[in-house]
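Undergrad: The structure under discussion is supplied below as structure tokens; questions concerning it will follow.
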Amino acid sequence: MKTLAMIAAAAMALGTAALADPVKVGIAAEPYPPFASPDASGNWVGWEVDIINAVCKAAEMDCVVTPVAWEGIIPSLTGGQIDAIMASMSITEERMKVIDFSDKYYNTPTVVVAAKGSGITPTPEGLAGKTIGVQVSTIHEAYAKAHFPDAELKTYQTTDEGFQDLAAGRIDASQADSIAIDAFMATDAGKACCEVVGAVADDPAILGAGVGVGLRKGDEALKEKFNAGIKKIREDGTYDAISKNYFASSIYGG
Amino acid sequence: MGAAGPAALVGGRPVIAFLRPTHRRAMLTIALAALAASALLLDWSWLPRYLPLIAQGVWTTLWLTVVTMSLGMVLAIGLGFAQAAGPAWLAWPARVYCTIIRGTPLLLQLWLLYFGLGAFFPQFPELRQSFLWPILREAWPYAVLALTLSAAGYEGEVMRGAFRGVPHGQIEAARAMGMPRFTLFRRIWLPQALHRALPTIAGETVLQMKSTPLVATITVLDTYSVARRVTQDTFIVYEPLVLLAIVYIIIAGLIVLFFRKLEARLPARMA
Amino acid sequence: MGSLLAFVGSPSAAELLAWSPPGWGATLVAGLWNSILIALGAYALGLAIGIGGAFGKVYGGPVLRDLLEAYTTLVRAVPELVLILILYFALTDAVNKIIALWDYGPIQLSGVAAGIGVLGVVQGAYSTEVIRGAILSVPHGQIEAARAMGMPPVRLARRITLPLMMAAAVPGLANLWLIVTKDTALLAVVGFVELTKATSLAAATTKAFFTFYAAAGVLYLILSLGSTVIFHRIERWARRGQRPLSGGGR
């Protein structure tokens, strides 16, 4: 009995029992402007963070935004360190084998950005022999591997690092979400070095059906709550109000 | 310490002596059973598909360790000697260098070189036309540079102690006999210093191998990077990491064996 | 050229590193504090494991000695980064499975706890070797003499073994402290916000890479130099009453 008490005390001291209410919502611990990036005080701000707070409020959940390294975010979910993923993670069949998703909360096209005047087009022929940068473990990596076999692929821990190398000239092109690329093009470095060369040909199997909340398989209760929350904020105008602060038009998509 | 361990697994007789105690045989049986169980029960379905990539990654780890350690040792001999016997204007910068390298994490040094230098490039578009560009735009030169500078910093400290540890009487005698300075360095000081440092260098080489995984964060494809890629593609978490640990244990064992053989070939008596 | 100077130059650097937002100074120092906390916890855990392991290796039975040998060899052969990943996922799993036996719900280990656990286990292997070497370096004649005079074992440990062992152990332990402070940087790869991660976040958000990485380097240097000074004091205290170390080489 004494060992039991000691273990329990140690467990309480070291962690929080999941019996309590807080839902740990995982975001990527790497900046992904304008969706989520840290400000100077270390707090995470951005469109996605605002949406997380809004959905949780609408679904009456007590959410704790928990940054987790992107490359380990799914194992963190299945391992129980977090309860949900809201890190601009696209709903794809590959991922559906391991985790579950809520309804989508946004959907934006996939776009390629390249050095100015490079003549690159977002097609297998246009990228043959060129070096393209993508973030590791994303639909963009999967797409580039499948559709651009003649291009040299460089994978980065974050989309931002890829853009850095693009601006530095180490790679010829970068494929990412159109919003992330827009944010990059709005910076001085982006304007000076690069231009958007167009959207890639659609491949729903790889690119997925929009971005949803990642959940553990079988966690139906939490899924219902998130779906209800998303529906509520879309209906009562909170979604549009938040989006107006960041984007010119709605990114909910078709 | 580990004296009986790896070397015993290579000779014939020492192996039998190693296994004579009953408890060792029992433990070995348990270990082999655990190995067999993990081979059968864990999910290794991804292995055949990724074998070429794994081979590539292991090769990268190996050549990074060997190349950066060798280059680092060359620099370290200079740094160590400057501190042990050099004039103040050489010894002091060497000391500062070693202190800075040993006082900051390798990960930070690596990122400073790769991202810090990389951020300068857009300012100088002329660079892209220069002959240096193919090297500057790849990631592995930065890995080699960072690892080499790190090895130089740590081994420089080791060589400093080694150079000072050579009995001064020998140096004085050689000088008294009129031996030219470079010959003295080449035939008396350096060989004895290296001989003294050898056990430590063996350990340091293992440590250098253990720092190679960090290059995965700057897009270099080494063993660690391949294991993470397998996890990201297949979502299998433990098995790639277990394979990764086994690969590193084998490489560490090879390094220790190599240095054991090297030590055995050198004369045992030191002044 | 002007842009190069502006890049490295002081005014914008001073702004970026300022204490209050939009300066990132406070965030960096908070990251440094996290690093120090984890380092302290891991060091303490490592020392505890090390003392137990060292005594086990010197005075223990054959099975215990072999098990400890396997532990130290394995931990010293596998990169810390790999161990951090394995233990980060496996530790929470294992703890939860054990807790589940008593029907407690799954707990989430905080990042700090996981970091301390992992680095502590790694430090334990190294500490075992350092302390073991220190115990073995105590001249056996002194221990024999004390036993011959009938000194009880605890008093012997307290008045003979420990003081003599400390002097030999301090340099190795000082080295281990420096290693653990730098190993905390590896937790950046699992996303935990200590100094290196805070720096990379700041650098990535503001694009002022050089400024922030250099600032982090300075902070780490202050930590390691300060630690070295403290450990020199500790070593002089531990060596009181003994012959001073020779300068090297005769």
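Chains as they are written, first to last, in this note's numbering: chain A, 3 to 256; chain B, 7 to 277; chain C, 1041 to 1290.
We put the beta carbon where it would ideally sit given N, CA and C, even for glycine.
1) What number of angstroms, rounded off, separates the C-alpha of R166(B) from the C-alpha of W95(B)?
2) Looking at the C-beta of T1224(C), does it have a partner C-beta in chain A at a distance below 7 Å?
3) Which residues in the same chain as A208(B) place their Cβ atom closer than 6 Å to its Cβ, once the five residues preceding and following it in sequence are excluded?
4) Listed from N- to C-terminal order along the chain, which residues in the stretch 73-90 of chain A have their beta-carbon within a distance smaller than 9 Å of any beta-carbon of chain B?
5) Counting only Cβ pairs nearer than 9 Å, list the residues of chain A close to P99(B).
6) Given 6 Å as the limit, tell me if A1214(C) has its C-beta closer than that to any heavy atom belonging to the ligand ATP.
7) Counting only beta-carbon atoms, is V236(B) nearer than 7 Å to chain A?
8) Does chain A have any CB closer than 7 Å to the CB of W1064(C)?
9) Among R170(B), L68(B), F137(B), which one has its Cα closest to the Cα of L260(B)?
10) Does P140(B) get closer than 7 Å to chain A when you measure Cβ to Cβ?
11) Assign K1137(C) to one of three DSSP states: helix, strand, or coil.
12) Under DSSP, the alpha helix (DSSP H) around K193(A) begins and ends at which residues?
13) Going by C-alpha to C-alpha distance, which of R187(B), A233(B), L204(B) sits closest to G92(B)?
14) Below 8 Å on the Cβ atoms is my guess for T123(A) versus V199(A); work out the distance and round it to an integer in Å.
15) Taking C-beta pairs closer than 7 Å, name the residues in chain B that K156(A) reaches, listed in chain order.
16) Give me the chain A residues within the contact set of P128(B), using Cβ-Cβ distance strictly less than 8 Å, ordered along the chain.
17) Quick one, which of L138(B), A149(B), I107(B), Q135(B) has its alpha-carbon nearest E161(B)'s?
18) Put T1201(C) into one of helix, strand or coil per three-state DSSP.
19) Taking 6 Å as the limit between beta carbons, can you name the residues of its chain near T1224(C), skipping five residues before and five after?
20) Below 8 Å on the Cβ atoms is my guess for S180(A) versus T110(A); work out the distance and round it to an integer in Å.
21) Do A1209(C) and A1174(C) have their C-beta atoms within less than 7 Å of each other?
22) Can you name, in chain order, every residue of its own chain whose Cβ lies under 8 Å from the Cβ of A169(A), other than the five neighbours on each side?
23) Quick one, are the C-beta atoms of P219(B) and L1121(C) less than 7 Å apart?
24) Indicate whether the contact test is met: 3 or more Cβ pairs, each with one atom in the stretch 239-246 of chain B and one in the stretch 47-56 of chain B, closer than 8 Å.
25) Please decide whether V100(A) counts as near chain B, where near means a Cβ-Cβ distance under 7 Å.
26) What residue range does the alpha helix (DSSP H) around G104(A) cover?
27) I'd like the span of the beta strand (DSSP E) that includes A1278(C), first residue to last.
28) For the putative contact between P40(A) and L1241(C), defined by C-beta atoms under 8 Å, what is the C-beta separation to the nearest angstrom?
29) I'd like to check one pair, T1236(C) with L113(B): are the Cβ atoms closer than 7 Å?
30) In this structure, does DSSP put A13(B) in helix, strand or coil?
31) For chain C, find out if any of its Cβ atoms is closer than 7 Å to the Cβ of K51(A); answer yes or no.
32) Tell me, please, whether the CB atom of A203(B) is closer than 7 Å to any CB atom in chain C?
33) Output the residue ranges of the alpha helix (DSSP H) runs that lie fully inside the stretch 45-129 of chain B and measure 4 residues or longer, sorted by chain position.
34) Please list, in chain order, all residues of the same chain as R31(B) whose beta carbon is under 7 Å from its beta carbon, the five residues on each side excluded.
35) Using CA atoms only, rank isn't needed, just tell me which of T1112(C), A1278(C), L1114(C), T1239(C) is closest to G1228(C).
36) Locate the beta strand (DSSP E) running through Y244(B), then write down its first and last residues.
TA: Working from what's here:
1) 16 Å
2) no
3) F265
4) E73, G74, I76, P77, T80, G81
5) What P99(B) touches in chain A: nothing, since even the nearest Cβ is about 30 Å away.
6) As presented, the structure is devoid of all ligands, the ligand ATP included, so that no description of it is given.
7) no
8) yes
9) L68(B)
10) no
11) helix
12) 190-195
13) R187(B)
14) 6 Å
15) T225
16) A169, A170, G171, A191, A194, C195
17) I107(B)
18) helix
19) S1075, I1078, A1079, E1234
20) 5 Å
21) yes
22) A191, G192, A194, C195, C196
23) yes
24) yes
25) yes
26) What sits at residue 104(A) in the sequence shown is Ser, not Gly. Careful: S104(A) lies outside any alpha helix (DSSP H), inside the beta strand (DSSP E) at 102-108.
27) No beta strand (DSSP E) contains A1278(C), which is instead part of the alpha helix (DSSP H) from 1249-1278.
28) 5 Å
29) yes
30) For A13(B), the predicted model reports a pLDDT of 46, less than 50, meaning its position is unreliable; a value from the coordinates is still stated below. A13(B): helix per DSSP, three-state reduction.
31) Per the sequence shown, the amino acid found at residue 51(A) is Val instead of Lys. Closer than 7 Å: no.
32) no
33) 53-91, 94-109, 112-117, 123-126
34) L25
35) At residue 1228(C) the sequence reads Ala, which differs from the Gly that was named. For the residues T1112(C), A1278(C), L1114(C), T1239(C), the minimum Cα distance to A1228(C) belongs to T1239(C).
36) Here Y244(B) belongs to no beta strand (DSSP E); instead the alpha helix (DSSP H) covers 244-271.
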